[in-house]
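Chemist: Chains as they are written, first to last, in numbering that gives the first Met the number 0: chain A, 0 to 278; chain B, 0 to 285; chain C, 0 to 389. Idealized CB from N, CA, C, for every residue including glycine. There's a structure below that I have some questions on.
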Amino acid sequence: MRQAAGPRSWTFYVFASFFALFVLFLYGPMTVIYILSFQGPTGGLTFPMTGFSFRWFHALVTAERVGDIGGSFQRSIVLAVMVAVLTVVLSVAAGLAFRRRFPGSGVVFYLAIASLIMPGLFVGLGIAVGFQLLGLDIDWYTSALGAQLTWTLPYGLLIMFAVLGRFNRAYEEAATDLGATPWQRMREVVLPILLPGIIGVALFGFTLSYDEFPRTVLTAGTRNTLPLEIWAMTTNVTSPALFAVGTVTTLVSFIAIGAALISIAVIERRRTRGSGNSV
Amino acid sequence: MKAKSWLASWLQVAPVALILVLFFGLPMLVVVAVSFFDYGQGRLYPTFIFDNYLEIFASSVTVRLYLSSLKFALIVWAVTLLIGFNVAYFLVFHVRTLLWQIGLFLLCTVPFWTSNIIRMISWIPFLGRNGIFNQTFMGLGVVSQPMEFLLFSDFAVVVAYVHLFTLFMVVPIFNSMARIDRSLIEAAYDAGAGPWRIFTEIILPLSKTGIALGSIFVVTLVMGDFYVVKVMSGGQSASVASALSTEISQIQYPPAAAAAIILVAIVTLMVSGILRLVDIRKELTV
Amino acid sequence: MPTGSGNGEISIVGVTKRFGDMAAVSDLNLTIPDKAYCCLLGPSGCGKTTILRMIAGHETPTTGEIRIGGGPVVGLTPVQRGTAMMFQSYALFPHRSVLDNVAFSLKLRGAGKADRHRQARELLAKVHMERFADRLPAQLSGGQQQRVALARALITNPRVLLLDEPLSALDEYLRLRMRGELRRVQKELGITFIHVTHTQLEAIAVADLVVVMAQGRIEQAASAREIFTAPRNAYVARFMGGQNVLSGTVESAADGQAIVVDEHGGSFSIVVNGEKPVRGSRLVGSIRRDRIAVSKAQGCAEASDKLNSLFGEVHAIEYQGSYVKVTIERPTGEGFVANVLDVDFFRDPLDIGDRVLARWSAHDVLMLEGASDAGEASMDEAGGVLISHA
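Now the structure itself:
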């Protein structure tokens, strides 16, 4: 039960404290990493902090004993962008398809759900062995790309289902009434109105790919993506450079997501409150 | 007329269907096929033998691994359900403005924008012998020696799982709860129901879908994990998937494939059990 | 460009529309003259919106033909037909300004920005919305959105404008104002308007031609006055709400009138003119509610009712401003309603439970076609005006 206004019941404070603890639980360890990445030059992997320095960030760039951070970072970004673009285009199309009942829709739906739930390791195994049997090389922009898409496409599809469910079909009929061809309808009415949802799909695609590990670990081939490189570092690298990687990679995620969310917020704001200029 | 709209749908869904078949459907069939192969000296011999399966069924290690995986799955499911349900409940029923709701929700999701690997290892300086926890507790005088069980133990594994996967429980439950029509609650209140009755008669049943979905996510993630358990237990504990990954790294694909198929079968059984409670197609689609 | 002769006459011939097993519209025939304001009136589910959408081109008839200006239009797009539709939810594009919404169809045809903006502003001025040209739809009230939707539809220069319950989203005060606006615009433009509504008084206020529908069929298509004063059958009589339905068995017929007796012994006469009803057959008639005189029954002769009178107890009294609606309980269960002028009522007000005598003149009872119970059951299902009570 919720009171519309007035003083809070005691249960609110119980739940609020619980929530606060949960947030602390989520953020605590990461904060430690962020702090430790500024570890002094002589410091180790745990506290205490011997000083404050950028030494470990420096180490990433100069690649001293820290593996191929630069290269894997670049590959991760490129791969994430490719995955995001493909996920958007394919999910939007498939989402539109599902607005009608068509033969085979059940099969595709359950295939997507199964792909979502299947442990990534097995999908990766199947792809890696399959490629091997076919005599193809596994590589980050082929087999890993395909593997990651099996993870992002179902999510994209589900988001599109939710977004299209709220979409008022009267807009399309109005467009037809005013003389729009199907292509004009899509370009002028449907896609612009769905834009926040589409950005959401792109966002999901990007971050899911950028952080992806189980599916990628067997399908990336010799050149690692960033999560794979980090995984290798957990056994090899014994310096806070590992934490510096963590901080930097988080920063990238934040920037990407921040950009997407801000653009969504701007679009929504313009549509509900801003005066908007004639286009 | 109808065939025309079917054609349009087929064309639109074809790319996704193609990718899912090529990179999910077929690879899974490959895994099935490979599970019947023979192997040796780093090579695969395509044939049809049951040996891989028989070895797994005959081995006592298998039982031990499954018990371990199931143990983790059950504990993590219970903990994430408890936490996830309460967090979702708080966000839906105690937070008043939409802005705060979205803001706090985002607050919960932000950590998930960081790679799982990093978030997992971030627990090490936290839980280690010289980590924050131990230093704090020793400083407060609660314990005189560092608590060893915090890290490289089953406890650490569970903590890491909960840290990584609770959001998968929060989101579906949040969705289900948010869809509950408030006037139902008001009507019940009007009819004289107290908070507990409202909870058991209205909120809990209507959140069933979210709980089921969240449970499916968490269970499959834990059962399929191979790296969290390895790292956080310091190699002491194992799961079915981690043993599998070891075989893979040793290029022993057929037994790994057989183990994978068996694991998938068992997880599918678990998921079907949960799905008896809810029709996800109806809930998830338009 | 539109087919046919260019005018906005619509003829619907033998049109049936099926959705699965259910027929929304059955074998419908209707001609709507050019430049007419036509209202499709009926309860939910009667098929009126389906017809509108078929004329618009958003639905296709299962069988039958539709012509506009003489040319067949089934299979043509709305623009090719020369029709434009105003949607019940207005469907203004949320991501475009008011000006861009109105100019939308011009943009689709490739008109230049300056040109289409100019035309859009002209049209906005016609609906008094030029001040809001740069706003977004979400910033407008319901009535304002409606005017923009109107402008957007009119910019295509349609010969037929289709309005899907245009006033139902507005509050009562705005509704009354806007219907005058719609009428004015229609006269000014000189095009055909087809307006779907479930509100009886709204239909007769705006329309030249009122088409009363039920369950996929047309019950009566006539001028507003004719629908109200001379309903064709019991359904229309009940639906419009201005009449009472009387029915019984024919006893005799002479001088253009039939004497009819109902099951409870009440008798009344129905004007039949040239018709010669058979003795013993059932006949149905209607009497206007405002043609009934009601008086308290204490001093009157009771038991047997005289011809063209009714004895009963007052069941409900409803003040309606210039008249008072008095419902008298009948043995059949269906209420008998008299609209008493307020001056007459308050001279000697009635109370619920009073015994009253209702009288009317013989030549005011008109004959209706068809069965006497038409409209009772269907109105229950459709949730329309419910006259009968327990």
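Would you mind telling me which residues of chain C sit closer than 7 Å to residue 188 of chain A, beta carbon to beta carbon, in chain order?
Modeler: Within 7 Å Cβ-Cβ: 92.
Chemist: At what residue ranges does the segment 10-79 of chain C contain a whole run of the beta strand (DSSP E), taking only runs of 3 or more?
Modeler: Whole beta strand (DSSP E) segments, 3+ residues: 21-31, 36-40, 62-67.
Chemist: How is the alpha helix (DSSP H) around residue 232 of chain C delimited, first residue to last?
Modeler: Looking at the DSSP string, residue 232 of chain C is not in any alpha helix (DSSP H), and its letter there is neither H nor E.
Chemist: Among C/82, C/169, C/248, which has the Cα closest to the Cα of residue 266 of chain C?
Modeler: Taking only the C-alpha atoms, the option nearest residue 266 of chain C is C/248.
Chemist: Could you check the C-alpha separation between residue 16 of chain A and residue 96 of chain B for me, to the nearest Å?
Modeler: Each residue's Cα considered, the two are about 18 Å apart.
Chemist: Please name the residue in C/184, C/32, C/95, C/24 whose C-alpha comes closest to that of residue 53 of chain C.
Modeler: Answer by Cα proximity: C/24.
Chemist: What does the alpha-carbon distance come out to for the pair residue 241 of chain C and residue 193 of chain C?
Modeler: If you take the alpha carbons of residue 241 of chain C and residue 193 of chain C, they lie about 24 Å apart.
Chemist: Comparing the C-beta of residue 178 of chain A with each C-beta of chain C, is any distance below 8 Å?
Modeler: Yes - at least one Cβ of chain C is within 8 Å of the one on residue 178 of chain A.
Chemist: Would you kindly report the start and end of the unbroken alpha helix (DSSP H) that includes residue 215 of chain A?
Modeler: Here the alpha helix (DSSP H) through residue 215 of chain A covers 213-216.
Chemist: Hey, out of C/307, C/293, C/364, whose CA is closest to residue 353 of chain C's CA?
Modeler: The residue with the shortest Cα to Cα distance from residue 353 of chain C is C/293.
Chemist: Suppose contacts are defined by Cβ-Cβ distances below 8 Å. Is residue 327 of chain A in contact with residue 270 of chain B by that definition?
Modeler: One cannot answer for residue 327 of chain A here, as it falls past the ends of chain A, which runs 0 to 278.
Chemist: Using 10 angstroms around the beta-carbon of residue 139 of chain B, count the other beta-carbons present and answer buried if the total reaches 16, otherwise exposed.
Modeler: Exposed, since its Cβ has fewer than 16 Cβ neighbours within 10 Å.
Chemist: Write down the C-beta distance between residue 38 of chain B and residue 251 of chain B rounded to the nearest angstrom, noting that I regard them as a contact closer than 8 Å.
Modeler: So it is a contact: roughly 6 Å between Cβ atoms.
Chemist: Is it true that the CB of residue 175 of chain B sits closer than 8 Å to the CB of residue 209 of chain B?
Modeler: The answer is yes: Cβ separation under 8 Å.
Chemist: Under 8 Å by Cβ, that's how I've got residue 323 of chain C and residue 336 of chain C pegged, so tell me the actual separation to the nearest angstrom.
Modeler: Residue 323 of chain C to residue 336 of chain C, Cβ: 11 Å. No contact.
Chemist: If we count the other Cβ atoms within 10 Å of its Cβ and call it buried at 16 or more, is residue 9 of chain A buried or exposed?
Modeler: The residue in question, residue 9 of chain A, is exposed, as its Cβ has fewer than 16 Cβ neighbours within 10 Å.
Chemist: State the start and end residues of the unbroken beta strand (DSSP E) segment that holds residue 275 of chain C.
Modeler: Here residue 275 of chain C belongs to no beta strand (DSSP E), and DSSP marks it neither H nor E.
Chemist: I want to verify the contact list: residues of chain A whose CB lies under 7 Å from the CB of residue 154 of chain B, in sequence order.
Modeler: Neighbours of residue 154 of chain B on chain A: none; closest Cβ ~14 Å, over 7 Å.
Chemist: So residue 192 of chain A contacts chain B; which residues on that side make the cut at Cβ distance below 7 Å?
Modeler: Residues of chain B passing the Cβ test: none, with the nearest at roughly 16 Å.
Chemist: Select from the segment 15-41 of chain A all residues with a C-beta closer than 8 Å to any C-beta belonging to chain B, and list them in chain order.
Modeler: Listed by position along the chain: 15, 17, 18, 21, 22, 24, 25, 26, 27, 28, 29, 31, 32, 35.
Chemist: For residue 149 of chain C, does the count of other Cβ atoms within 10 angstroms reach 16, so buried, or fall short, so exposed?
Modeler: When all chains shown are included, residue 149 of chain C counts as buried.
Chemist: When the Cα atoms are used, what is the spatial distance from residue 44 of chain C to residue 219 of chain C?
Modeler: Taking the straight line joining both Cα atoms gives about 17 Å.
Chemist: Kindly indicate the opening and closing residues of the alpha helix (DSSP H) around residue 244 of chain B.
Modeler: Its alpha helix (DSSP H) spans residues 239-248.
Chemist: What does residue 39 of chain C reach in chain A if we use C-beta pairs closer than 9 Å?
Modeler: Chain A residues near residue 39 of chain C: none, gap ~18 Å exceeds 9 Å.
Chemist: Which whole-angstrom value describes the C-beta separation of residue 75 of chain C and residue 178 of chain A, a residue pair presumed to lie in contact below a C-beta threshold of 8 Å?
Modeler: Going by Cβ atoms, the distance from residue 75 of chain C to residue 178 of chain A rounds to 12 Å, so no, they are not a contact pair.
Chemist: From this set, C/251, C/262, C/114, which residue's C-alpha is nearest residue 276 of chain C's C-alpha?
Modeler: Out of C/251, C/262, C/114, C/251 has the C-alpha closest to the C-alpha of residue 276 of chain C.
Chemist: Have a look at residue 280 of chain A and residue 61 of chain A and give me their C-alpha separation to the nearest angstrom.
Modeler: Residue 280 of chain A lies beyond the residue range present for chain A, which begins at 0 and ends at 278; the question has no answer from this structure.
Chemist: Just the C-alpha distance for residue 14 of chain A and residue 86 of chain B, rounded to the nearest angstrom, thanks.
Modeler: Cα to Cα, the separation comes out at about 8 Å.
Chemist: Residues of chain B with CB under 9 Å from residue 95 of chain A, in chain order?
Modeler: Per Cβ cutoff of 9 Å: 7, 8, 11, 12.
Chemist: Can a CB atom of chain B be found closer than 8 Å to the CB of residue 254 of chain A?
Modeler: So no, residue 254 of chain A is outside the interface.
Chemist: Please list, in chain order, the chain B residues whose beta carbon lies closer than 7 Å to that of residue 114 of chain A.
Modeler: Simply 19, 23.
Chemist: Where do the N-terminal and C-terminal ends of the beta strand (DSSP E) with residue 188 of chain A fall, by residue?
Modeler: First-last for residue 188 of chain A: undefined, no H or E at that position.
Chemist: Under three-state DSSP, which class holds residue 363 of chain C?
Modeler: It is helical.
Chemist: Relative to the C-alpha of residue 74 of chain B, which candidate in B/184, B/160, B/231 has its C-alpha closest?
Modeler: Among B/184, B/160, B/231, the Cα nearest to that of residue 74 of chain B is on B/160.
Chemist: Do residue 253 of chain B and residue 60 of chain B come within 8 Å of each other at the CB atom, strictly closer than that value?
Modeler: Not in contact: residue 60 of chain B and residue 253 of chain B (Cβ atoms no closer than 8 Å).
Chemist: Which residues in chain A have a C-beta closer than 7 Å to the C-beta of residue 84 of chain C? List them in chain order.
Modeler: Chain A residues near residue 84 of chain C: 176.
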